[in-house]
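Take 415 as the starting number for the sequence shown in my numbering and just add one per residue.
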Amino acid sequence: MAIRHGSSQDREGVAVFDLAVQVDPRCKGFSGAVFDGRFVYYIPLNNGAFHGVVTRCDTRVGFADPQSWTCFDTAQVDPDSRGFVNGVFDGRFVYLVPYNNGVQFGQVTRYDTQADFARATSWEVFDTVRVDSHSKGFVGGVFDGRFVYLVPYQLDYTTHHGQVTRFDSEGDFTREASWDVFNMVGVHPDCTGYHTGLFDGRFVYFCPYLRSLEPLEYASRVTRYDSRSAFGESESWEVYDTTRTHPLSKGFIGSVFDGRFVYFVPYHNGRERHGRVARYDTRGGFAEDRSWEVFDICQIDENSRGFFGGIFDGRYIYFTPHCKAPDLYHGQVTRYDTQGDFTSADSWRFFDTGEIHPNNKGFIGGVFDGRFVYLPPFETEENKHSGQTVRIDTHAPGIWE
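This is the structure:
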């Protein structure tokens with residue numbers, strides 16, 4: 415079976431724009447993106463230092479037009495408001511998820527999309543450490559229609575944790591009574607070190623990445639919460655160990671729901687940056703091995719590995735390329751057709767954005783706006799932060815032929 419790659423000539427439908435050059439030199443080093451129905455927000459992490467320069471694109475204006483882009487530094491609201499990993503949109507507010515601003519922290523920053531983006535009064539902050547001292551060091555969040563869940567990762571660089579912090583969006587953002595916590599370690603002692611999550615209409619899933627740095631232990635226990643049950647009760651939570659399906663099925667960053675299946679995006683399993691996608695069939699029992707399967711995309715293309723998240727456009731899943739090995743960043747997007755056979759090579763396509771420009775690599779996360787997939791830039795090599803973003807037109811099938 416021939417491997418299906420897009421060629422370097424398939425440039426129609428792929429746009430490249432350098433924010434740091436064309437908009438503001440601070441606009442680089444992003445950790446994800448959020449779409450509010452009109453604007454795409456790039457979430458700031460580190461541009462040489464932990465920063466808070468949220469960069470926004472008006473999707474009604476040309477992608478490569480500098481006038482499409484504006485930025486706002488949340489450090490104007492609070493000097494500690496910087497160093498986020500991804501964000502959440504609840505229908506009105508955009509929440510920036512706090513990870514590290516020099517130390518792991520818990521200060522959530524929120525923007526009211528009905529107010530002026532450039533005004534400090536449109537933004538507010540709440541430090542979740544006021545609720546619990548372990549409410550900090552999050553990576554990503556999930557919205558279930560009412561509650562915002564902050565996904566637990568680290569208390570510090572050597573201590574990973576499992577304490578979910580939840581906000582009731584019907585409550586007052588700055589009141590402690592609107593917030594609650596639950597420590598997943600109470601369900602299983604290995605439930606620590608998660609990277610993002612998702613909501614399938616009933617259950618909230620937490621994606622396992624890394625449990626410990628010393629000793630190095632990548633995580634494999636997917637944890638889910640039944641949103642129809644009491645948040646603070648252990649019985650509302652379930653755990654499944656993906657290594658039961660394959661011993662190297664662990665170390666995921668990001669997850670995607672296609673309406674039936676939940677996909678866990680592979681990054682590192684302790685041995686290597688890998689391409690083993692784990693998939694759960696939500697029509698089956700969560701704890702049943704037969705509900706799960708694993709497919710190694712590297713069987714089709716050895717470069718299809720080391721991803722930071724995935725994006726669903728209603729039919730296709732796009733795996734966001736980050737790095738294949740230490741300091742070997744890449745830009746090869748892998749696309750899966752959810753209408754095809756999960757384990758068939760015919761269902762998978764590849765396009766290397768690096769063939770258009772060598773700095774198209776090292777992305778973290780992304781977002782879909784109804785037509786285009788946006789890849790926010792992070793770094794092109796270790797500590798070399800980038801502002802060069804890529805947009806892929808999902809209506810341009812020639813990219814993948």
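We put the beta carbon where it would ideally sit given N, CA and C, even for glycine.
With 16 other Cβ atoms within 10 Å as the buried cut-off, status of residue i
i: Ser482; result: buried
i: Leu630; result: exposed
i: Ser495; result: buried
i: Tyr571; result: exposed
i: His809; result: exposed
i: Asp504; result: buried
i: Leu627; result: exposed
i: Val475; result: exposed
i: Asp558; result: buried
i: Arg693; result: buried
i: Ser648; result: exposed
i: Thr757; result: exposed
i: Gln753; result: exposed
i: Ala532; result: exposed
Cα-Cα separation between residue i and residue j, rounded to whole angstroms
i: Tyr563; j: Asp727; result: 23 Å
i: His548; j: Gly812; result: 49 Å
i: Ser536; j: Ile725; result: 29 Å
i: Phe453; j: Trp762; result: 30 Å
i: Gly698; j: Phe613; result: 17 Å
i: Pro439; j: Leu433; result: 7 Å
i: Gly576; j: Cys605; result: 6 Å
i: Glu584; j: Phe431; result: 38 Å
i: Glu707; j: Asp695; result: 9 Å
i: Val679; j: Gly776; result: 15 Å
i: Leu662; j: Cys712; result: 13 Å
i: His660; j: Ser718; result: 18 Å
i: Trp651; j: Arg638; result: 6 Å
i: Asp783; j: Pro512; result: 24 Å
i: Ala489; j: Gly501; result: 17 Å
i: Lys664; j: Thr734; result: 17 Å
i: Leu510; j: Glu769; result: 32 Å
i: Cys471; j: Asn773; result: 20 Å
i: Ser422; j: His609; result: Note that Ser422 scores 31 on pLDDT, short of 50, meaning its location in the model is unreliable; the coordinates nonetheless yield the value given after this. Ser422 and His609: Cα-Cα distance of roughly 33 Å.
i: Tyr788; j: Arg729; result: 16 Å
i: Ile778; j: Asp766; result: 15 Å
i: Lys798; j: Val467; result: 17 Å
i: Gly556; j: Lys738; result: The sequence given here has Val at residue 556, not Gly. Each residue's Cα considered, the two are about 27 Å apart.
i: Asp450; j: Asp492; result: 23 Å
i: Asp541; j: Thr523; result: 9 Å
i: Asp682; j: Trp814; result: The sequence shown places His at residue 682, rather than the Asp named in the question. Their backbone Cα atoms lie some 26 Å apart in a straight line.
i: Gly723; j: Val676; result: 13 Å
i: Tyr623; j: Val499; result: 14 Å
i: Thr473; j: Gly684; result: 39 Å
i: Glu538; j: Glu716; result: 45 Å
i: Ile667; j: Phe721; result: 7 Å
Residue range of the unbroken alpha helix (DSSP H) whose run includes residue i
i: Val822; result: Residue 822 is absent from the structure shown; the chain starts at 415 and stops at 815.
i: Val435; result: Leu433 to Gln436
Start-to-end residues for the beta strand (DSSP E) that takes in residue i
i: Phe675; result: Phe675 to Pro680
i: Val670; result: Phe666 to Phe671
i: Leu789; result: Phe786 to Leu789
i: Ala447; result: Phe444 to Phe449
i: Thr579; result: Gln577 to Asp582
i: Asn500; result: Phe498 to Phe503
i: Asp760; result: Per DSSP, Asp760 belongs to no beta strand (DSSP E) and is neither H nor E.
i: Tyr509; result: Phe507 to Pro512
i: His609; result: Tyr608 to Phe613
i: Tyr456; result: Phe453 to Pro458
i: Ile770; result: Neither: Ile770 is in no beta strand (DSSP E) and is coded neither H nor E.
i: Asp569; result: First, the residue type needs correcting, since residue 569 is Leu and not Asp in the sequence shown. Segment Gln568 to Asp570, the beta strand (DSSP E) holding Leu569.
i: Trp706; result: Trp706 to Asp710
i: Lys550; result: First-last for Lys550: undefined, no H or E at that position.
i: Glu795; result: Glu793 to Glu795
Residue i beta carbon near the ligand GDP (any heavy atom closer than 7 Å)
i: Leu624; result: The model depicted lacks the ligand GDP and carries no ligand whatsoever.
Cutoff 8 Å; reference residue i; Cβ partners in own chain excluding five residues on either side
i: Arg625; result: His574, Asp604, Thr606, Gly607, Glu631, Tyr632 and Ala633
i: Asp741; result: Glu795 and Glu796
i: Val578; result: Tyr563, Leu564, Val565, Pro566, Val595, Phe596, Asn597, Met598, Phe620 and Tyr639
i: Arg816; result: With the chain represented from 415 up to 815, any question about residue 816 goes unanswered, as that position is not in the structure.
i: Leu569; result: Gln518, His548, Lys550, Gly551 and His575
Beta-carbon contacts of residue i that lie in its chain and below 6 Å, excluding the five residues immediately before and after
i: Gly801; result: Asp432, Leu433, Ala434, Cys441, Lys442 and Pro791
i: Phe671; result: Leu612 and Asp614
i: Asn515; result: Phe464, Asp494, Arg496 and Gly497
i: Ile806; result: Val428 and Val787
i: Tyr732; result: Ile725, Val747, Arg749 and Val787
Cutoff 7 Å; reference residue i; Cβ partners in own chain excluding five residues on either side
i: Gly689; result: Pro680, Asp710, Ile711, Cys712, Ser718 and Arg719
i: Ala701; result: Glu652 and Tyr654
i: Glu426; result: Ala810 and Gly812
i: Gln436; result: Pro480
Determine contact between the region 639 to 649 and the region 582 to 590, defined as no fewer than three beta-carbon pairs at a distance below 8 Å. no
Does the pairing of the region 457 to 464 with the region 782 to 800 give three or more beta-carbon distances under 8 Å? yes
Are the region 475 to 489 and the region 545 to 560 touching by the rule of at least three beta carbon pairs closer than 8 Å? no
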